[in-house]
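Take a look at the structure set out below.
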Ligand code: OSB
Ligand code: MG
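In this note's numbering, the protein residues as written are 1 to 368.
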């Protein structure tokens, strides 16, 4: 397959409500999309960067730059046997995994659409539907949070994840656990907001029967997570620290993570995400699919990934209306707490042209 070029596009998507984490508050998404154009098909990629480097070192303007000036020229004129060639071809450029992931996703979608094969089939999905978890942001008051959690449970979500930070942790988790009872799966995500000196404080979460605590310490502090793991009974799950199959294998061996959050963007794409799944599964470590507040495009691919056999915990795989009143694609609607895995070729969904046009703020054609 030969690429003719990439169309870069930014879309502005308002969120249904502000989403607050320990690193900041989002009220809208400025999403970078990549459309790969080949002679046979077009494919869509979604870049999960944020506008500023507050979750990972990448950011959206940086992704545009590296795609435009490094990635595209590197792929120009190359006869690709398939999207699986891209990762190695781009290895010479350090990092920039989210940018690489978006390009690989777009090319993979084009390849699979032309071949009539779905992401689910390509990645090795074994389930037709996946259970839905929901990530619930930090709020001003506990009653407001309890109302939000009630609403999500009424809608059918099977697992609740609470964002935490110092000052919004033990009391909050206690209140939610009391409200929802012991049977509902509950976990927390600190997005690196703590240090190892908070170990005793974090151990106070142990009594609430949490599935896991996600990324309490900073990204590079894998050893600190291993030390912390020995002081908590709540399992530690790394998010930000997991950047490749290699870092995953090391974190598992060190005892820094006993569950892994797999985010395809953070690790350079769906193919590396599958390798992380394989490494984890071989070590008996459960994985789940994280989210980056994706539109229907990234959501479709995440649902396919979450249907692999090692994804034994519900992911941050929620319905479109968790974040968006109007999605770019046909909306993903939850049924009995589950979403159906798309089976049509490629992502199985595409942007709805009128909606895409309306939300687009910028486009650029980058020829090969
Ligand atoms: O840490 O999981 C995270 C969103 C943006 C950046 C980081 C994270 C998140 C989420 C969103 O928790 C989960 C979702 O997309 O449903
Ligand atoms: Mg996280």
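We put the CB at the ideal spot given by N, CA and C, even for glycine.
beta-carbon residue i near ligand 1 non-hydrogen atom, thresh 7 Å
i	result
residue 316	yes
residue 64	no
residue 324	no
residue 239	yes
residue 377	No information on residue 377 is available, as it lies outside the stretch 1 to 368 that the chain covers here.
residue 152	no
residue 188	no
residue 172	no
residue 295	no
residue 135	yes
Residue i, buried or exposed, once every other Cβ within 10 Å from all chains shown has been counted against 16
i	result
residue 206	exposed
residue 274	buried
residue 100	buried
residue 314	buried
residue 371	In this structure the chain extends from 1 to 368, so residue 371 is not present and cannot be described.
residue 167	exposed
residue 16	exposed
residue 169	buried
residue 245	buried
residue 54	exposed
Ligand 2 heavy atom lying under 7 Å from the CB of residue i
i	result
residue 221	no
residue 272	no
residue 298	no
residue 290	yes
residue 261	yes
residue 42	no
residue 191	yes
residue 215	yes
8 Å Cβ cutoff met for residue i and residue j
i	j	result
residue 181	residue 226	no
residue 47	residue 224	no
residue 97	residue 74	no
residue 163	residue 316	no
residue 3	residue 158	no
residue 37	residue 102	no
residue 63	residue 361	no
residue 263	residue 296	no
residue 356	residue 328	yes
residue 210	residue 228	no
Chain D within 8 Å of residue i, Cβ atoms only
i	result
residue 42	Included in the structure is just one protein chain, with no chain D present.
At a cut of 8 Å, does the segment 7-19 reach the segment 332-345 through at least three beta carbon pairs? no
Should the segment 111-122 be regarded as contacting the segment 275-291, the criterion being three or more beta carbon pairs within less than 8 Å? no
Beta strand (DSSP E) runs wholly inside the segment 95-137, at least 3 long, in chain order: 129-131, 133-136
With contact counted as at least three CB pairs below 8 Å, one residue from each stretch, are the segment 163-176 and the segment 134-146 in contact? yes
Within 8 Å, do at least three Cβ pairs link the segment 30-49 to the segment 63-78? yes
Answer yes if the segment 237-249 comes into contact with the segment 206-216, meaning at least three C-beta pairs across the two stretches below 8 Å, and no otherwise. yes
Counting only runs of 3+ residues fully inside the segment 31-84, write out the beta strand (DSSP E) ranges in chain order. 42-47
4 or more residues per run - each alpha helix (DSSP H) lying fully within the segment 314-368: 353-359
Would you call the segment 323-330 and the segment 125-141 in contact, with 3 or more CB pairs under 8 Å? no
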